[in-house]
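For reference, the structure is listed below as structure tokens.
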Ligand SMILES: Cc1cc2nc3c(=O)[nH]c(=O)nc-3n(C[C@H](O)[C@H](O)[C@H](O)COP(=O)(O)OP(=O)(O)OC[C@H]3O[C@@H](n4cnc5c(N)ncnc54)[C@H](O)[C@@H]3O)c2cc1C
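Numbering (this note's numbering), first residue to last: 1 to 482.
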């Protein structure tokens, strides 16, 4: 081999290394996993380096296919999972973080990647704040929801298939109503309404008046048709955390995939999706593939230009897909979890204030104290410097004046992230029965993936992993047909 070629190869590999520099250990790829070049014809290109897209890529490799590439818009992997680095190896999750019973796909993935789990801290009393009022109660790992109402919802949820709510026998009737309409009919006391407002905001990203009843029921259906398995901590979807934070799942997958993950490469346009060769136009060049896995939210698919245009029904589904569910999460860091010594679990629920829910997000050994807050975006200044003291004062009302002096404050507003926009999909009444049919069927060589397309636990990390496995199978089957 000539010296010149050697030098070119060396420079090429330096450029490759720079492109994947944000992925620690990215060089650890299989020997035959060379970096795909522009102009290559690939079997599969995956758009989106979140849990769904990386799971698909990992499965393709496990199936022996090396002709694939992941295109990720941002300079990091993980999508809606993101670790705030707190120093000394500590982290706090800014995005998705918990898993719970029935979420076997993400749990299996964690086991395969050697990522351990631990139980969310909930021992002690939860504090409720309303104006100057403060009450502390031991809820034993629940959110204290109304059992009678929850049982009624469970019964209805059994009739609504989680992955395709529009296929429920009574879909038309249920989809006319919002969760709020339905709750009004239950004659709730005003104080009980507050609890449901917060639950709807936290699980569904919107108030009950804007949340489709059919959609809410499909979420409960995922949780084994048990509302308490969706919206509590113990035995529920908020029960378990990952050592190293949830983003570690994506980081580890990307490490192993090495140069098969191309960062900072937003896909702007897809042409020829109905032809044998699909072209993906990115900021760094054009990539060609036989099949494309769209591992991103429908509203973000809408930001991509399709040539020829997609059929009307799919276009409308993407255009009208609810984006901008305000998802803003903060982290206060303290020297120790001082609230635990007072018999408090660090959980605070505030009625009619900027704080939706504060919870203890300390590391498993409690060696430092971390309180994370979900906040109502519109009620808190967007500047973190102003937001921090306001939130600290609320935490102090709930936990004691030590809360006024955090060592660190982190603030992440997902609505400001152009490649995420929304944390969950707040599906309004009437949406599923009108556009649901366009969610799954592949179009030409496009395969739809991402948590929103999952059969169960859509909207959750588990759903993302499930959708990733399914998309890999779809791609492999399509390649076999060719
Ligand atoms: C604040 C918050 C709290 C949450 N809490 C939980 C929880 O506790 N438990 C739970 O299970 N789930 C939770 N979730 C949801 C969970 O994080 C998501 O369901 C899951 O991470 C989605 O994975 P995904 O791969 O389907 O999509 P994403 O993570 O959104 O990945 C899509 C990727 O596509 C990229 N992309 C977008 N457009 C383009 C383009 N044009 N070209 C290239 N790349 C593009 C994006 O940058 C992104 O990396 C939470 C989410 C948020 C934001």
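Quick reminder that beta carbons are idealized off the backbone N, C-alpha and C, glycines included.
| Asked | Found |
| --- | --- |
| Coil, strand or helix - residue 490 by DSSP | Residue coverage of the chain in this structure runs from 1 to 482, which leaves residue 490 outside it and unanswerable. |
| Closer than 8 angstroms: residue 108 CB and nearest ligand 1 heavy atom | no |
| Contacts around residue 454, its chain only, beta-carbon distance under 6 angstroms, and the 5 residues preceding and following it disregarded | 463, 466, 467 |
| Alpha helix (DSSP H) runs contained entirely in the stretch 68-156, provided each spans 4 or more residues | 104-112 |
| Same chain only: Cβ atoms within 6 angstroms of residue 478, ignoring 5 sequence neighbours per side | 291 |
| C-beta contact flag for residue 365 and residue 120 at 9 angstroms | no |
| Exposure of residue 216, with buried meaning 16 or more beta-carbon neighbours within 10 Å | buried |
| Alpha-carbon to alpha-carbon, residue 354 and residue 268 | 36 angstroms |
| Residues bridged to residue 294 [DSSP beta-bridge criterion] | 47, 448 |
| Close Cβ partners of residue 177 (< 7 angstroms) along its chain, the five nearest in sequence each way excluded | 213, 429 |
| Cβ-heavy atom distance, residue 71 to ligand 3, below 8 angstroms | This structure lacks ligand 3; its bound ligands are ligand 1. |
| Continuous alpha helix (DSSP H) stretch holding residue 438: start and end | Here residue 438 belongs to no alpha helix (DSSP H), and DSSP marks it neither H nor E. |
| Three-state secondary structure (DSSP) of residue 227 | helix |
| Cβ neighbour criterion (16 or more within 10 Å) applied to residue 345 | buried |
| Beta-carbon contacts of residue 380 that lie in its chain and below 6 angstroms, excluding the five residues immediately before and after | 354, 387 |
| Nearest-angstrom Cα separation, counted from residue 40 out to residue 239 | 45 angstroms |
| Rounded Cβ spacing between residue 129 and residue 350 (contact assumed at less than 8 angstroms) | 4 angstroms |
| Contact under 9 angstroms by Cβ, residue 205 with residue 299 | no |
| Pair within 9 angstroms by beta-carbon distance, residue 234 and residue 96 | no |
| Residue 282 (DSSP reduced to helix, strand or coil) | strand |
| Identity of the residues DSSP links to residue 357 by a beta bridge | 349, 374 |
| Burial state of residue 151 (16 or more Cβ within 10 Å) | exposed |
| Three-way DSSP call (helix, strand, coil) for residue 306 in this model | strand |
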